[in-house]
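Colleague: All residue numbers for the sequence shown refer to the working numbering, where the first residue is 2 and numbers rise by one.
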Amino acid sequence: MTLHQNLIAGEWVGGDGVANINPSDTNDVIGDYARASAEDAKAAIAAAKAAFPAWSRSGILERHAILRKTADEILARKDELGRLLSREEGKTLAEGIGETVRAGQIFDFFAGEALRLAGEVIPSVRPNIGVEITREPVGVVGIITPWNFPIAIPAWKTDRHSRLEDRAGALLRQHHRLQAG
């Protein structure tokens with residue numbers, strides 16, 4: 002069985018494999034997946050930090066395009082991804098496809114939010130003083146999500162002030178085996 006590796010800094014990295022077994026059919030081994038080590042985690046964090054300056058300079062239209070492409074990709078593959086989720090989580094097929102569609106809708110929502118990422122002007126309590134709020138990338142974000150909604154919750158686990166488009170880019174690079182950056 003193929004070992005599914007971790008993508009770190011544009012390179013596929015192996016490790017000790019662990020079987021992913023369908024909880025509703027324990028004879029169904031979905032695949033073997035590389036278990037990341039502490040060193041792998043540190044390397045992934047370092048790679049994200051190194052990629053951050055280039056990503057932080059990306060424009061609103063580029064961010065929108067990345068999110069749109071991610072939404073389109075997820076929705077185009079909803080049946081395939083939904084079947085996989087059903088096997089991995091022991092969900093019904095309808096639940097697996099439903100979660101996948103929801104993730105696509107979330108990325109679509111944030112694509113629209115990316116276009117509204119401009120700042121805002123708010124009233125000041127001081128006369129003749131203007132207050133303008135701008136949103137700027139501040140760094141890499143790590144998230145921890147529950148195991149039972151592996152695509153929808155990670156898609157939603159950020160808000161319009163975070164860099165969801167970075168994660169979308171990482172997901173697309175992983176699927177298409179593209180280089181980072």
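Beta carbons: idealized from backbone N, C-alpha and C, even for Gly.
#1: Taking the straight line between their C-alpha atoms, what separation do you get for Ile67 and Pro155?
#2: Residue range of the alpha helix (DSSP H) that Ala20 falls in?
#3: Mapping the DSSP letters down to three states, classify Asp26 as helix, strand or coil.
#4: Quick check: the Cα distance between Phe111 and Lys158, rounded to an integer number of angstroms?
#5: Going by other Cβ atoms of all chains shown within 10 Å of its Cβ, with 16 needed for buried, is Gly83 buried or exposed?
#6: In this structure, does DSSP put Ala35 in helix, strand or coil?
#7: What residues match up with Ile134 in a beta bridge as DSSP calls it?
#8: So, helix, strand or coil for Val102, using DSSP?
#9: Are the Cβ atoms of Phe108 and Arg78 separated by less than 9 Å?
#10: Could you check whether the region 23-33 touches the region 90-97, counting it as contact only if at least three pairs of C-beta atoms, one from each stretch, sit closer than 8 Å?
#11: Rounding to the nearest angstrom, what Cα-Cα distance links Gly97 and Ala104 in this structure?
#12: Once DSSP output is grouped into helix, strand and coil, what is the label at Ile75?
#13: Return the first residue and the last residue of the alpha helix (DSSP H) that Trp157 is part of.
#14: Could you tell me which residues DSSP puts in a beta bridge with Val14?
#15: Please report the distance separating the alpha-carbon of Ile9 from that of Val30.
#16: How many angstroms separate the CA atom of Ala51 from the CA atom of Asn28?
#17: Which residue from Glu12, Ser38 and Gly11 puts its Cα closest to that of Gly18?
#18: Here's the rule: buried if 16 or more other CB atoms are within 10 angstroms of the residue's CB, otherwise exposed. What is Ser87?
Modeller: Taking the coordinates as given:
#1: The residue labelled residue 67 in the question sits at position 66 within the sequence shown. The residue labelled residue 155 in the question sits at position 154 within the sequence shown. Looking at the two C-alpha atoms, the distance is approximately 16 Å.
#2: Translated into the one-based positions of the sequence shown, residue 20 becomes position 19. Note, Ala20: premise wrong, no alpha helix (DSSP H); beta strand (DSSP E) at Gly18 to Ile22.
#3: Your numbering for residue 26 matches position 25 in the sequence shown. When DSSP states are grouped into helix, strand and coil, Asp26 belongs to the coil group.
#4: Translated into positions along the sequence shown, residue 111 becomes position 110. Translated into positions along the sequence shown, residue 158 becomes position 157. Going by C-alpha positions, Phe111 is about 11 Å away from Lys158.
#5: Looking up residue 83 in the sequence shown gives position 82. Buried, since its Cβ has 16 or more Cβ neighbours within 10 Å.
#6: Along the sequence shown, one-based indexing puts residue 35 at 34. The answer is strand: DSSP assigns Ala35 an E or B state.
#7: On the sequence shown, residue 134 is found 133 positions in, with the first residue counted as 1. DSSP output for Ile134 lists Glu121 as bridge partner(s).
#8: Counting from one through the sequence shown, the residue named residue 102 turns up at place 101. Here Val102 sits in helix by DSSP.
#9: Residue 108 sits at position 107 when you count from the first residue of the sequence shown. Residue 78 sits at position 77 when you count from the first residue of the sequence shown. No, the Cβ-Cβ distance between Phe108 and Arg78 is not below 9 Å.
#10: In this structure the region 23-33 lies against the region 90-97, because at least three pairs of beta carbons, one per stretch, are closer than 8 Å.
#11: Here residue 97 refers to the residue found at position 96 of the sequence shown. Here residue 104 refers to the residue found at position 103 of the sequence shown. Here the C-alpha atom of Gly97 lies approximately 11 Å from the C-alpha atom of Ala104.
#12: Within the sequence shown, the letter at position 74 stands for residue 75. If DSSP states are grouped into helix, strand and coil, Ile75 belongs with the helices.
#13: Here the question's residue 157 lines up with position 156 in the sequence shown. Per DSSP, Trp157 belongs to the alpha helix (DSSP H) from Ala153 to Trp157.
#14: Within the sequence shown, residue 14 is the residue found at index 13, counting from 1. The partner list for Val14 (beta bridge, DSSP) reads Asn7.
#15: For the purposes of this step, residue 9 is taken as residue 8 along the sequence shown, with counting starting at 1. For the purposes of this step, residue 30 is taken as residue 29 along the sequence shown, with counting starting at 1. Cα to Cα, the separation comes out at about 25 Å.
#16: Here residue 51 refers to the residue found at position 50 when the sequence shown is read from its first residue. Here residue 28 refers to the residue found at position 27 when the sequence shown is read from its first residue. Computed Cα separation, rounded: 42 Å.
#17: What you label residue 18 is simply residue 17 of the sequence shown in a count that begins at 1. Nearest of Glu12, Ser38 and Gly11 to Gly18, Cα basis: Ser38.
#18: Within the sequence shown, the letter at position 86 stands for residue 87. Ser87 comes out buried.
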